[in-house]
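Colleague: Each residue of the sequence shown is one higher than the last, beginning at 827 in my numbering.
Note that CB positions come from ideal geometry on N, CA and C, so glycine has one too.
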Amino acid sequence: MKRLGPRSDVVAWLVLVVVASTCAGCFDSPFQGRVRLEGDEPDGRSADISTLDRSPDAVLPDDGWSTGVDSGPEPGDLADVAIDSGPEPGDLADVAIDSGPEPGDLADVATDAPDADGSVDGDAALFDDSEPPPLSCEPPEPPLLEPTGLPCGGVFCHGAQVCLAPSVCGCVGPLQFGSSGLEAAVRAALAIDAGPISAENAAQLTQLTASSRQVGTLEGIECLTGLRTLSAVGNAITDLSPLRGLAQLEVLDLTNNPLSDLSGLEGVDSLQSLTLVGTQLTSLSSMPYLASLTTLQLHSMPQLADLDGIERLPNLGHLIAHANPKLAKIEALGRLTQLTDLLIGGPHLTTLPSFCSTGMKTLSISDAPILDLSPIWALRKLVRLAVSGTLATTIPPLSGFPLLETVQFYDGKLSQLSVSNLPALTSLTVRHEQLKQLHDFSGLPQLDIVDLSENELTSIAQLALPPKLRSLAASSNQLLTLPSFGANLLALSVNDNRLKTLAPLESATKLQYVAAASNQLQSLGNLQGLSALAQVNVANNQLTSLKGLEGLSLGRLTANDNALVTIDALAGLPLDYLRLSANALTDISPVAGMKTLRYLWLSNNLLTSIDALSAIPLVELYVDGNQLTSLAPLAEATTLTTLWGADNQ
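#1: For the stretch 1000-1014 and the stretch 1157-1175, state whether three or more C-beta atom pairs, one from each stretch, are separated by less than 8 Å.
#2: Could you work out which residue in Ser1407, Thr1392, Leu1380 is closest to Met1420 when comparing CA atoms only?
#3: Looking at Leu1178 and Leu1208, is the spacing between their C-beta atoms short of 8 Å?
#4: Leaving out five residues before and five after Tyr1448 in sequence, what residues of the same chain have Cβ atoms less than 6 Å from its Cβ?
#5: Indicate whether the contact test is met: 3 or more Cβ pairs, each with one atom in the stretch 1023-1039 and one in the stretch 1061-1069, closer than 8 Å.
#6: Going by C-alpha to C-alpha distance, which of Ala1418, Leu1270, Ser1126 sits closest to Gly1398?
#7: Going by beta-carbon coordinates alone, are Ala1385 and Arg1405 separated by less than 8 Å?
#8: Going by DSSP, what residue range makes up the beta strand (DSSP E) through Ala1382?
#9: On the criterion of 16 or more Cβ atoms from any shown chain inside 10 Å, does Ser1214 qualify as buried, or is it exposed?
#10: Give the C-beta separation of Thr1081 and Val1103 to the nearest angstrom, bearing in mind that I take them to be a contact with Cβ-Cβ under 8 Å.
#11: Does DSSP classify Glu1009 as helix, strand or coil?
#12: Does the beta-carbon of Arg1161 have 16 or more other beta-carbons within 10 angstroms, so that it is buried, or is it exposed?
#13: Would you say Ile1047 and Leu1008 are within 8 Å of each other, going by their C-beta atoms?
#14: Helix, strand or coil for Glu1076, going by three-state DSSP, please let me know.
#15: Assign Leu952 to buried or exposed, taking buried as 16 or more other Cβ atoms, counted over all protein chains shown, within 10 Å of its Cβ.
#16: Work out the CA separation of Leu1248 and Cys963 for me, nearest whole Å.
#17: Tell me whether Ala1408 sits in a helix, a strand or coil according to DSSP, three-state version.
#18: Assuming Glu1446 is part of the beta strand (DSSP E), what are its boundary residues?
#19: What does the alpha-carbon distance come out to for the pair Gly985 and Cys997?
#20: For Ala908, name the three-state secondary structure that DSSP assigns.
#21: Would Ser1355 and Thr1335 be called neighbours here (beta carbons separated by less than 8 Å)?
#22: How long is the line joining the alpha carbons of Ala1472 and Val1233, rounded to whole angstroms?
#23: Which residue wins for smallest C-alpha separation from Leu1316, given the options Arg1054, Ala1438, Leu1066, Gln1338?
#24: Which residue comes first and which comes last in the alpha helix (DSSP H) that contains Ala1036?
#25: Alpha carbon to alpha carbon, how far is Asp889 from His1265?
#26: What would DSSP say about Arg1161, mapped onto helix, strand or coil?
#27: Under DSSP, the beta strand (DSSP E) around Ala1147 begins and ends at which residues?
#28: Looking at the strands, I want to know which residues DSSP matches up with Phe1235.
#29: I'd like to check one pair, Leu1308 with Pro1330: are the Cβ atoms closer than 8 Å?
#30: So, under 8 Å CB-CB, Glu1231 and Leu1251 are touching, yes? Tell me the CB distance rounded to an integer number of Å.
#31: What are the boundary residues of the alpha helix (DSSP H) that Asn1027 is part of?
#32: For Asp954 and Asp1065, I'd like the C-alpha separation in whole angstroms.
#33: Starting from the Cα of Asp1237, find the closest Cα among Ala1194, Pro1201, Ser1415, Ala1410 and give me that residue.
#34: Run the CB neighbour count on Asp1394, radius 10 Å, all protein chains shown included, and call it buried at 16 or more, exposed below.
#35: Give the single residue among Cys1182, Ser1333, Glu1157, Lys1152 whose Cα lies nearest to the Cα of Asp1134.
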């Protein structure tokens, strides 16, 4: 039997007449149905009908696959039409055509017809042609409130029926609590060391901290009817039912409690912020309808696997749900229409939902093996975007987000990035990715901070630089050259590349900070015009001199692990911090006049004298690993607190 297909050259139309002739009297009610079948059986027969669902209560679209009649979901309903190609041992049907998605429905077409050699290859195997249900952005309806069971509309309190307003617990007499830790917290908050706690006093309490008090039950807290904020971090709470009467509760923190159920929060209609960090919830299926809740924290929950139920928070705006090791199902997030800030992540999170929210401002995705980031591109009101640890190698051009100010991509596999037409963007980070090419940064008038560290860039084209660039980090790439920078550049970090000179910096007249350690620098270029330059790090290069730094206002210079034989260029500089260890220096006389120098490293050079240091008010000095025979020049160094002089002569 050949594979079923939506297009076939030989089409068998199975209509009422055929069915009636095949199974006369089998049907009690009229029906409509047809199946497209490609090819005949080897013996020339078309196909006989084994079973056909005969309840004409639903008519499907004419898609060439499904029957025209579906009886709807039934227990054990696997297929509405089964087409049998002939008797085979234990074979009930070679093709089962299901009319549509039903509970437990895995496939619309499955075949098991053996081939000529007797093997079962599953001619069409499993095929599902049912479309996923469209995303509904309609908020859920609030549930109907159940009556209290009291003729006066009152509530239960300590097992007694009290005819008071439903929002007020009828607590009378001295209050009692089910946990000594909870009672101690209440006493501390009310400043009542001993004696009874009256309902009147308890009702005045608006904030309560009962953290790490070994609270196992919240019994009695229902009498704190004025409570607005409750922090019960690090206890043993499993039952939230005593909270039902706290109609004014707005902030609730249950971090690190063994909660596995949220029953009890229903009716706490004023709740605005809920923290469930570190609890044992596996899902949010027990989440009640909370119309006032705007902030929810769910991170670091070891058992949380899905967010089904979160749609019952119609006004949720801020959600933190990262660092959840089992979280995999987050489709329900898409239904939240008011979500503005979302932090999400987890090692089993592989897809993003489509979002109903049109006002998302902050989106952070961390440590999630997501391949497709395209749902982000519908969030045109984003202000901050951070994506780390995904598996996406390419993304659509990042363009057309008028409010986007900050973009961060970390620890992923991006090999290329196109960023343009983002009028509000001020900061761009693409760090520890696999970026090989940098596209033109056009239409980024406000971009002034760029971090491209830990990628695979070999060059940065001058046209790629935004006009207002003030800070560029491009360390740990494979850069061979630098472009000419604009006058606005203040800070440059290009450590761990393959640069041979810093000459292109000559045009960056406002430059204050340069880090170019671990390159292949053989010269610095003419940097004398950089009057604002205050800090330079050129450690671990191939420099033999520091020519190019003459006359600058440097305060800190790091040039250890080079091949320096002279430091004449440093004469007269107002240095406070100078590292020159691991060079080939024999003469340090250029530092003699540095009255501002406080911290000096000269270890592992070829020095035989430190006379030049006698008048410098040093605080720390390192001269170990030289050829010194005396430290006498330091005899008057009253400011010196640290001296290393080992391994000399």
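Modeller: The short version:
#1: The stretch 1000-1014, when compared against the stretch 1157-1175, does not touch it at the 8 Å Cβ threshold.
#2: Position 594 of the sequence shown, counted from the first residue, corresponds to residue 1420. Nearest of Ser1407, Thr1392, Leu1380 to Met1420, Cα basis: Leu1380.
#3: Here the question's residue 1208 lines up with position 382 in the sequence shown. Here the question's residue 1178 lines up with position 352 in the sequence shown. Against a cut-off of 8 Å, the Cβ pair of Leu1178 and Leu1208 comes out as no contact.
#4: As a working mapping, residue 1448 is identified with position 622 in the sequence shown. So the list reads Trp1427, Ser1429, Trp1470, once near-sequence residues are dropped.
#5: Touching, yes, given that three or more Cβ pairs across the two stretches are closer than 8 Å.
#6: Locating residue 1398 in the sequence shown gives position 572, where the first residue counts as 1. Among Ala1418, Leu1270, Ser1126, the Cα nearest to that of Gly1398 is on Ala1418.
#7: Counted from its first residue, the sequence shown places residue 1385 at position 559. Counted from its first residue, the sequence shown places residue 1405 at position 579. For the 8 Å CB-CB criterion, Ala1385 and Arg1405 form a contact.
#8: By 1-based counting over the sequence shown, the position of residue 1382 is 556. According to the sequence shown, residue 1382 is Arg rather than Ala. Unbroken beta strand (DSSP E) run through Arg1382: 1382-1384.
#9: As a position in the sequence shown, residue 1214 is number 388, starting the count at 1. For Ser1214, the number of other beta carbons within 10 angstroms of its own is at least 16, and it is reported as buried.
#10: Residue numbering aside, residue 1081 sits at position 255 when the sequence shown is read from its first letter. Residue numbering aside, residue 1103 sits at position 277 when the sequence shown is read from its first letter. The pair is a contact, with the Cβ atoms about 4 Å apart (cut-off 8 Å).
#11: Against the sequence shown, residue 1009 aligns to sequence position 183. For Glu1009, the secondary structure class from DSSP, reduced to helix, strand or coil, is helix.
#12: In the sequence shown, counting from the first residue as 1, residue 1161 sits at position 335. Buried, since its Cβ has 16 or more Cβ neighbours within 10 Å.
#13: For the purposes of this step, residue 1047 is taken as the residue at position 221 of the sequence shown. For the purposes of this step, residue 1008 is taken as the residue at position 182 of the sequence shown. Against a cut-off of 8 Å, the Cβ pair of Leu1008 and Ile1047 comes out as a contact.
#14: As a first step, residue 1076 is located in the sequence shown; it is residue number 250 there, counting from the start. The three-state secondary structure of Glu1076, taken from DSSP, is coil.
#15: Taking the sequence shown and counting its residues from 1, one reaches residue 952 at position 126. For Leu952, the pLDDT reaches just 37, beneath the cut-off of 50, and the residue's location in the model is therefore unreliable, leaving the point undetermined.
#16: Mapped onto the sequence shown, residue 963 falls at position 137. Mapped onto the sequence shown, residue 1248 falls at position 422. Straight-line measurement puts the Cα of Leu1248 at about 28 Å from the Cα of Cys963.
#17: Looking up residue 1408 in the sequence shown gives position 582. Annotated three-state conformation of Ala1408 is coil, per DSSP.
#18: For the purposes of this step, residue 1446 is taken as the residue at position 620 of the sequence shown. Looking at the DSSP string, the run of the beta strand (DSSP E) that includes Glu1446 is 1446-1448.
#19: Residue mapping note: residue 985 aligns to position 159 of the sequence shown, counting from 1. Residue mapping note: residue 997 aligns to position 171 of the sequence shown, counting from 1. Residue confidence is low: Gly985 scores 38 on pLDDT, short of 50, so the model does not pin down where it sits. No coordinate-derived value is stated.
#20: By one-based count along the sequence shown, residue 908 stands at place 82. Only weak support exists for where Ala908 lies, its pLDDT of 42 falling under 50; the value from the coordinates is given anyway. In the three-state scheme derived from DSSP, where H, G and I count as helix and E and B as strand, Ala908 is classed as strand.
#21: As a first step, residue 1355 is located in the sequence shown; it is residue number 529 there, counting from the start. As a first step, residue 1335 is located in the sequence shown; it is residue number 509 there, counting from the start. The displayed chain sequence assigns Gly, not Ser, to residue 1355. Yes, the Cβ-Cβ distance between Gly1355 and Thr1335 is below 8 Å.
#22: Taking the first residue of the sequence shown as 1, we reach residue 1472 at position 646. Taking the first residue of the sequence shown as 1, we reach residue 1233 at position 407. Those two C-alpha atoms are separated by around 50 Å.
#23: Position 490 of the sequence shown, counting from 1, holds the residue named residue 1316. Here the closest residue by C-alpha is Gln1338.
#24: Counting from one through the sequence shown, the residue named residue 1036 turns up at place 210. Per DSSP, Ala1036 belongs to no alpha helix (DSSP H) and is neither H nor E.
#25: For the purposes of this step, residue 889 is taken as the residue at position 63 of the sequence shown. For the purposes of this step, residue 1265 is taken as the residue at position 439 of the sequence shown. Residue placement at Asp889 cannot be trusted, given a pLDDT of 38 that sits under 50; the coordinates are not used to answer.
#26: What you label residue 1161 is simply residue 335 of the sequence shown in a count that begins at 1. Here DSSP, grouped into helix, strand and coil, assigns Arg1161 to helix.
#27: The residue given as residue 1147 occupies position 321 in the sequence shown. It spans 1144-1147 - the beta strand (DSSP E) in which Ala1147 sits, taken as one unbroken run.
#28: Counting from 1 along the sequence shown, the entry for residue 1235 is found at position 409. DSSP, once it has assigned bridges, lists Val1213, Val1256 as partnering Phe1235.
#29: Mapped onto the sequence shown, residue 1330 falls at position 504. Mapped onto the sequence shown, residue 1308 falls at position 482. Cβ atoms of Pro1330 and Leu1308: closer than 8 Å.
#30: Counted from its first residue, the sequence shown places residue 1231 at position 405. Counted from its first residue, the sequence shown places residue 1251 at position 425. Contact annotation, Glu1231 with Leu1251: C-beta distance approximately 6 Å; criterion of less than 8 Å satisfied.
#31: Stepping through the sequence shown from its first residue, residue 1027 is reached at position 201. For Asn1027, the enclosing alpha helix (DSSP H) starts and ends at 1025-1029.
#32: Here residue 954 corresponds to residue number 128 of the sequence shown, with the count starting at 1. Here residue 1065 corresponds to residue number 239 of the sequence shown, with the count starting at 1. Note that Asp954 scores a pLDDT of 39, beneath 50, so its modelled location is shaky; the value from the coordinates is reported in the next line. Approximately 43 Å, taken between the alpha carbons.
#33: Numbered from its first residue, the sequence shown carries residue 1237 at position 411. Measuring C-alpha to C-alpha distances from Asp1237 to each of Ala1194, Pro1201, Ser1415, Ala1410 identifies Ala1194 as the nearest.
#34: Locating residue 1394 in the sequence shown gives position 568, counting from the first residue. So Asp1394 counts as exposed.
#35: The residue you call residue 1134 lines up with position 308 of the sequence shown. The shortest Cα separation from Asp1134 among Cys1182, Ser1333, Glu1157, Lys1152 belongs to Glu1157.
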